[in-house]
Amino acid sequence: MSDLVAIIYPSEAKAEEVRQRLFKLQKEYLITLSDAVIAVKTEAGPVKLNQLMNTTMAGAASGSFWGLLIGVLFLNPLLGVALGAASGALGGALTDYGINDDFMKELSANLQPGNAALFVLIKSITADKVLKEIQDAGGTVLKTSLDDAKEQALRNALAKATVEPQAQAAPAASTSAA
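Letter by letter, the sequence shown follows residues 442 to 619 in my numbering.
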């Protein structure tokens, strides 16, 4: 069974940084991801999804191959490629792997413009080591399917990153005022 975790970051760049850290941890076999999507609330209002795989493009490529093959059999490869690409692109656009797009857009609709939410679908995790690697990035937990103890551990780890910079900035501000 997979667990869903959604964390809000102040920018798309910060969310992408954390996603890249998770990919690095996946290469070290500390986490196994099914999907990792960044949802960004644009200044204009709509939510833009930055997904790992463009299913429309993958469908078009696959459809082109099969269309070419069928077109060669019926002595009209160009028509086969065109029909295959069109049907593959349509099939790819209608296919949704991983986290449901409508679900992510609905949750992200309440974000402030410019903020980003990182949605991660986790198959397996070595929680203590992964939390240690991402806790300094901060963030606010939007939603999880974790049990209460694991969710609280995640919230506590991310909260440390937002409290520590404020604690370090406070003494600097008091010395400059003197």
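C-beta: ideal position from N, C-alpha, C; glycine also. Quick caveat, the model's predicted, so the values are computed rather than measured.
Put simply, of 490, 466 and 457 the residue whose alpha carbon is nearest the alpha carbon of residue 573 is 466. Annotation: the region 549-614 contains the following complete segments of the beta strand (DSSP E) (minimum length 3 residues), in chain order: 557-566 and 581-585. About 19 Å separates the beta carbons of residue 444 and residue 549, which is beyond the 8 Å limit, so they are not a contact pair. Around residue 561, the same chain offers 446, 463, 474 and 477 as residues with beta carbons nearer than 7 Å, after the five sequence neighbours per side are excluded. For residue 484, the closest C-alpha among the options 459, 567 and 553 is that of 553.
Going by C-alpha positions, residue 565 is about 32 Å away from residue 487.
Within the same chain, 576 come within 7 Å of residue 601 by CB-CB distance, once the 5 residues on both sides are set aside. Shown here, residue 471 sits in coil according to DSSP, grouped into three states, outside any helix or strand. For the 8 Å CB-CB criterion, residue 452 and residue 557 form a contact. Rounded to the nearest angstrom, the Cβ distance from residue 449 to residue 581 is 5 Å, consistent with a contact under 8 Å. From the listed residues 595, 479 and 592, the smallest Cα separation to residue 540 is found for 479.
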